[in-house]
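Notes follow once the structure below has been shown.
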Amino acid sequence: MKQYTQLAEIQADLRAGSLRCEDLVRQYLAAIAARPEINAFLEVFEAEVIAQAQAQDAAIARGEWQLLTGLVLGIKDNIAYKGHVFSASSKILDGFESLFSATVVERLLAEGAMIIGRLNCDEFAMGSSNENSAFGRVLNPINTDYVPGGSSGGSAAAVAAGFCHASLGTDTGGSIRQPAAYCGLVGLKPSYGRISRHGIIAFGSSFDQVGPFAKSIEDVALLTQVMAGPDAYDTTCSTLEVGQYVPIATDKKYKFAVIKELLSGEGLDPELQAAFQQKVAQLKAAGHEIVEVSFPYLPYAIPTYYILATAEASSNLSRYSGVHYGYRSGNATDLESTYKKSRTEGFGEEVKRRIMMGTFVLSEGYYDAYYGRGQKVRRLLRDKSLEILQQTDAILTPTTTGTAFKFGEKSDDPIQMYLEDIFTVLANLTGLPAISVPFATHSNGMPLGIQLMGRPFAEAEIFALAKALQA
Ligand code: GLN
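Heads up, the sequence shown is in numbering that gives the first Met the number 0, so the first residue is 0 and it goes up one at a time.
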């Protein structure tokens, strides 16, 4: 089977008549069936995606082309698709079927995308290794001893394994960029408010954003272009004009900010540190400017994120009561025990830990000390980031502190797992767009990702900067 890295190549073959959408879809279905142990898909919409492909082939025969003609997509299991089950990889949504499609799904379908299935993830998108799914872990297709990253682990594994061309994930603290880095893909967390959250299962509503995974910056840009823009169903969605993300500009010289405190390499894998330094040198040699900046507040990003995101999660997840929808305990005898038993039996351990932490930080007597103070630190982090981005075009960091780790390595220690997000949470705390691009391979054979964080709503520029990084 021919491996395509860009949609443009697929479309060229479709135009030339050497490929049909149906063949392409059948190839993906065969690839999925050949490696069931990867466990990327919770459900494959086999008959449906074949029908979509046949409809696309008929449209092509009539000369009808759309932006995403030929693109086969997987969607994370926290994104609503009308008439399909979605569960956020949790038992608590047992049997729940979506009554409508997320705005992003509607927009992608309207441009010709074909949806092949729903993808495994950490329960309610809480995690960094996909070990928190109620439906089993996802293996990294590059080396199955390693985690694919999380929480959008299925989304990353599926694209890396050639099960679909691109996928959607969500990113509350790094859940697109970290698995993209661990699976050798490009992944974007757009500016907060760039893409509608309508139809996305909420985790931390002031952090959550949907974004794409693909093998090329071009396809990530194209998918973002199709999904972005105002939505009457989401009032946090910006009305700012989207502009043109494709074709990507490639002729400019940029100013990259590099954080001084990071250059010492403390806590970084030495090979990653060396590869990062080498990339910085390459950028300089290519005529870009590197500006060393100090970011003394960086150590506060993780604690702030885990206070604010758990607070929002505890509120958002209060709706899973066993009464309205999803799982209801068979052992309940009255309303109180319906709540308690359904939630106790329906939620996994990590989700319960988050709900308890969030409830604690919001509780009377502690609210000001934790939640209130967290909000202030969040503002400081945003102000400092914007100050840096006034003098530079983007902040350059590694996406993670090392490559993917092995199963079980961090799952017994929540703090170690939370530290995974050290470079990614800043973009969610500040609402800024950030992209992860593969940039080196470790001697353990696993890919490494580099991250760019840019100005609010400067997605077009982020893609151009990412191209400069890859050049
Ligand atoms: N790993 C982070 C967490 O567990 C980020 C999750 C996400 O972005 N959805 O909260």
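For every residue, glycine included, the Cβ atom is placed at its ideal position computed from N, Cα and C.
Beta-carbon separation (whole angstroms), A160 vs A124, contact threshold 8 Å: Counted from its first residue, the sequence shown places residue 160 at position 161. Counted from its first residue, the sequence shown places residue 124 at position 125. About 21 Å separates the two Cβ atoms, so there is no contact after all.
Could you tell me which residues DSSP puts in a beta bridge with A393? Taking the first residue of the sequence shown as position 1, residue 393 is located at position 394. Per DSSP, the beta bridge partners of A393 are F255 and G453.
Segments assigned alpha helix (DSSP H), at least 4 residues, entirely inside the region 209 to 243: Entirely contained in the region 209 to 243, the alpha helix (DSSP H) runs reaching 4 residues are, in chain order, 216 to 226.
Go ahead and pull the three-state DSSP assignment for T301. Taking the first residue of the sequence shown as 1, we reach residue 301 at position 302. Sequence check: residue 301 is Ile here, not Thr. Note: I301 maps to helix in three-state DSSP.
Give a single yes or no on whether Q177 has its beta carbon closer than 8 Å to a heavy atom of the ligand GLN. Numbered from 1 along the sequence shown, position 178 holds the residue referred to as residue 177. Result yes, Cβ under 8 Å from the ligand GLN.
According to the neighbour-count rule (16 or more other Cβ atoms, all chains shown, within 10 Å of its Cβ), is E349 buried or exposed? Here residue 349 refers to the residue found at position 350 of the sequence shown. So E349 counts as buried.
Using the C-alpha atoms, what's the distance from G357 back to S314? Translated into the one-based positions of the sequence shown, residue 314 becomes position 315. Translated into the one-based positions of the sequence shown, residue 357 becomes position 358. For S314 and G357, the distance between alpha carbons rounds to 8 Å.
By the three-class DSSP mapping on this structure, what secondary structure does K409 have? As a working mapping, residue 409 is identified with position 410 in the sequence shown. It is coil, neither helix nor strand.
Once the 5 residues before and after H471 are set aside, which same chain residues still bring their CB inside 6 Å of it? Past the boundaries of the shown model lies residue 471; the chain is included only from 0 to 470, so the question cannot be answered.
Closest Cα partner of F162 within the set A29, S317 and A50: To locate residue 162, count along the sequence shown from 1; it is residue 163. Taking only the C-alpha atoms, the option nearest F162 is A29.
Delimiting residues of the alpha helix (DSSP H) encompassing G153: Stepping through the sequence shown from its first residue, residue 153 is reached at position 154. Looking at the DSSP string, the run of the alpha helix (DSSP H) that includes G153 is G152 to A159.
Can we count F212 as close to the ligand GLN, meaning its CB is less than 8 Å from some heavy atom? For the purposes of this step, residue 212 is taken as residue 213 along the sequence shown, with counting starting at 1. Answer for F212: no, Cβ out of range of the ligand GLN.
For N427, verify whether its CB is less than 8 Å away from any heavy atom of the ligand GLN. Your numbering for residue 427 matches position 428 in the sequence shown. Remark: the C-beta of N427 is in contact range of the ligand GLN, defined as less than 8 Å to any heavy atom.
Take D411 as the anchor and find which of R342, E130 and E105 has the nearest alpha-carbon. In the sequence shown, the residue the question calls residue 411 occupies position 412. Comparing Cα-Cα distances from D411 to each of R342, E130 and E105, the minimum goes to E130.
With 16 as the cutoff for other CB atoms within 10 Å, does N142 come out buried or exposed? Position 143 of the sequence shown, counted from the first residue, corresponds to residue 142. It counts as exposed.
Is D250 near the ligand GLN, with its Cβ less than 8 Å from a heavy atom? Position 251 of the sequence shown, counting from 1, holds the residue named residue 250. Not under cutoff, so the answer is no.
Is it the case that the CB of A46 approaches a heavy atom of the ligand GLN more closely than 8 Å? Here residue 46 refers to the residue found at position 47 when the sequence shown is read from its first residue. Shortest gap from the CB of A46 to any heavy atom of the ligand GLN: 8 Å or more.
Can you check the region 340 to 367 for any alpha helix (DSSP H) of at least 4 residues that lies completely inside it and give the ranges in chain order? Restricting attention to alpha helix (DSSP H) runs no shorter than 4 residues, the region 340 to 367 encloses them at 348 to 361, ordered along the chain.
In three-state DSSP terms, what is F162? Position 163 of the sequence shown, counted from the first residue, corresponds to residue 162. Three-state result, F162: coil.
Per the DSSP calculation, Y145 is bridged to which residue(s)? Translated into the one-based positions of the sequence shown, residue 145 becomes position 146. Answer by DSSP bridge pairing, in chain order: K405.
If you follow the beta strand (DSSP E) that A433 is part of, which residue opens it and which one closes it? Sequence index remark: in the sequence shown, residue 433 carries index 434 (1-based). From DSSP, the beta strand (DSSP E) with A433 extends over A433 to T440.
Return the chain-ordered ranges of every beta strand (DSSP E) run that is complete within the region 77 to 147 and spans a minimum of 3 residues. 113 to 118
For F422, which residues does DSSP report across the bridge? For this step, residue 422 is matched to residue 423 along the sequence shown. According to DSSP, which records beta bridges pairwise, F422 is partnered with nothing at all.
Contact under 9 Å by Cβ, I175 with N77: Taking the first residue of the sequence shown as position 1, residue 175 is located at position 176. Taking the first residue of the sequence shown as position 1, residue 77 is located at position 78. The answer is no: Cβ separation not under 9 Å.
Per-residue DSSP class, three states only, for F275: Here residue 275 refers to the residue found at position 276 when the sequence shown is read from its first residue. Three-state result, F275: helix.
If I'm right that V436 touches I194 with Cβ under 8 Å, what's the distance once you round it to whole angstroms? The residue given as residue 436 occupies position 437 in the sequence shown. The residue given as residue 194 occupies position 195 in the sequence shown. So it is not a contact: roughly 19 Å between Cβ atoms.
Residue span of the alpha helix (DSSP H) that contains L6, given as start and end: The count along the sequence shown starts at 1 and reaches residue 6 at position 7. Unbroken alpha helix (DSSP H) run through L6: L6 to A15.
For the pair the region 34 to 47 and the region 100 to 118, tell me if three or more CB-CB distances fall below 8 Å. yes
Which partner residues of P446 appear in the DSSP bridge assignment? Here residue 446 corresponds to residue number 447 of the sequence shown, with the count starting at 1. DSSP output for P446 lists T440 as bridge partner(s).
Whether or not the region 288 to 302 and the region 375 to 388 are in contact is what I'm after, with contact meaning three or more pairs of Cβ atoms, one per stretch, closer than 8 Å; do they touch? yes
Cα-Cα separation, P269 to H441: The residue you call residue 269 lines up with position 270 of the sequence shown. The residue you call residue 441 lines up with position 442 of the sequence shown. For P269 and H441, the distance between alpha carbons rounds to 10 Å.
Where F206 falls: helix, strand or coil (DSSP): Here residue 206 refers to the residue found at position 207 when the sequence shown is read from its first residue. Coil, per DSSP.
DSSP puts T169 in a beta bridge; with which residues? Walking along the sequence shown from the start, residue 169 turns up at place 170. According to DSSP, T169 bridges with V209.
Rounded to the nearest angstrom, how far is the Cβ of G126 from that of V137, given a contact under 8 Å? Numbered from 1 along the sequence shown, position 127 holds the residue referred to as residue 126. Numbered from 1 along the sequence shown, position 138 holds the residue referred to as residue 137. Actually they are not in contact, since the Cβ atoms of G126 and V137 sit about 11 Å apart, beyond 8 Å.
Which same chain residues, not among the five before or five after Q53, have their C-beta less than 7 Å away from its C-beta? Counting from 1 along the sequence shown, the entry for residue 53 is found at position 54. Excluding residues within five positions, the ones whose Cβ falls inside 7 Å are E21.
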